[in-house]
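**Q**
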Amino acid sequence: MSALPRSGPLRGTAALNESTVIRGIRTRLKMPVAHDYAEWSKLRADSRHFLKPWEPTWPRDDLTRMAYRRRLRRYHREIRADEGYALFVFDEATSCLAGGMTLAHVKRGVTQSCSLGYWMGERFAGQGIMGDAVRAIIPFCFDTLGLNRIEAATLPHNERSIRLLKRVGFTEEGYARRFLCINGAWRDHVLFGLVNGDTIDPTRDTER
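Residues in the sequence shown are numbered from 1 upward in steps of one, following full-length UniProt numbering.
Below, the structure is given as structure tokens:
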């Protein structure tokens, strides 16, 4: 990540802006910008059927340039307010956009937590790219944002995501009924957590 002098946790645009780069072993994470639109829309369109079972229902205009601009404006508002941080995940070997990641529902005060979400383009799935990206974002959460806890939720039958979270070091903590509306229906989710000080598995195996 770009070096910034600080005496405590960073927030908002001080923590993440268009010049910030977070690097893993195989990935590069950065804030989405306008010129990413063409690559983003193509990857999402090509992966529509792959992603549909795991995501909220897409708005009809979701892949249009206008909708993408609205998305960017929302990302900027959330970053400025220290409420959420969105990043695109690039494959370092090819510089291709591979997926995306969000740190949502950032809570301060006595909580100091966020919710981790991610998506992967179909042609990049099963190659260990997202596992590397999740490992890369953990120091950003704990060291840069000063958070104490990262939460994640996944559908019970999303075995690939469950294996990823466990392999990185997340602990399964519970089961939430009708937790999120996914693909048009309220779905149960398995809940995971990672707290500052937990052991992070440094291995870079595949996601299979």
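Yeah, the Cβ is synthetic: ideal placement off N, Cα and C, and Gly gets one too.
Tell me whether the region 113-121 and the region 42-59 touch, counting them as touching only if at least three CB pairs, one residue from each stretch, are closer than 8 angstroms.
**A** Yes, since at least three Cβ pairs between the region 113-121 and the region 42-59 fall closer than 8 angstroms, the two stretches touch.
**Q** From L147, R65 and G99, pick the residue whose C-alpha is nearest to that of A38; which is it?
**A** Residue numbering aside, residue 38 sits at position 38 when the sequence shown is read from its first letter. Comparing Cα positions, the closest option is R65.
**Q** Residue ranges of each alpha helix (DSSP H) run of no fewer than 4 residues wholly in the region 69-150, ordered along the chain?
**A** Runs of the alpha helix (DSSP H) inside the region 69-150: 129-139.
**Q** What would DSSP say about V33, mapped onto helix, strand or coil?
**A** For the purposes of this step, residue 33 is taken as the residue at position 33 of the sequence shown. DSSP places V33 in coil when its eight states are reduced to three.
**Q** CA-CA distance, R23 and G100?
**A** To locate residue 23, count along the sequence shown from 1; it is residue 23. To locate residue 100, count along the sequence shown from 1; it is residue 100. Roughly 14 angstroms separates the two Cα atoms.
**Q** Roughly how many angstroms lie between the CA atoms of L116 and P139, to the nearest whole one?
**A** Position 116 of the sequence shown, counting from 1, holds the residue named residue 116. Position 139 of the sequence shown, counting from 1, holds the residue named residue 139. C-alpha separation (whole angstroms): 13 angstroms.
**Q** Are the Cβ atoms of L194 and R149 separated by less than 9 angstroms?
**A** Working through the sequence shown from its first residue, we reach residue 194 at position 194. Working through the sequence shown from its first residue, we reach residue 149 at position 149. It is a contact, given that the beta carbons lie within the stated cut-off.
**Q** So the candidates are L16, T20, Y68 and K52; which of them puts its Cα closest to the Cα of A34?
**A** For the purposes of this step, residue 34 is taken as the residue at position 34 of the sequence shown. Ranking L16, T20, Y68 and K52 by Cα distance to A34 puts Y68 first.
**Q** Tell me whether L46 sits in a helix, a strand or coil according to DSSP, three-state version.
**A** As a first step, residue 46 must be located in the sequence shown, where it is residue number 46. Correcting the residue type first, residue 46 is Asp in the shown sequence and not Leu. Residue state, collapsed to three classes: helix.
**Q** Would you check if there are 3 or more beta carbon pairs closer than 8 angstroms linking the region 127-147 to the region 177-186?
**A** They do not touch, by the three-pair rule.
**Q** Looking at C-alpha atoms only, which residue of T199, I79 and R26 is the closest neighbour of D132?
**A** Mapped onto the sequence shown, residue 132 falls at position 132. When only C-alpha atoms are compared, the closest one is R26.
**Q** Assuming A98 contacts I129 (C-beta within less than 8 angstroms), just tell me the rounded distance between them.
**A** By 1-based counting over the sequence shown, the position of residue 98 is 98. By 1-based counting over the sequence shown, the position of residue 129 is 129. The Cβ separation is near 5 angstroms, so the contact holds.
**Q** Please look up how many angstroms separate the CB atoms of E151 and F192, rounded, as I've assumed it's under 8 angstroms.
**A** Numbered from its first residue, the sequence shown carries residue 151 at position 151. Numbered from its first residue, the sequence shown carries residue 192 at position 192. The Cβ separation is near 7 angstroms, so the contact holds.
**Q** K30: buried (16+ other C-beta within 10 angstroms of its C-beta) or exposed?
**A** Working through the sequence shown from its first residue, we reach residue 30 at position 30. It is buried - the Cβ of K30 has at least 16 other Cβ atoms within 10 Å.
**Q** Near H157, which residues of its chain fall below 7 angstroms by C-beta distance, leaving aside the five closest residues on each side in sequence?
**A** To locate residue 157, count along the sequence shown from 1; it is residue 157. Cβ within range, chain order: n/a, list empty.
**Q** Can you look up W58 in the DSSP assignment and give me helix, strand or coil?
**A** Numbered from its first residue, the sequence shown carries residue 58 at position 58. Coil at W58, not helix or strand.
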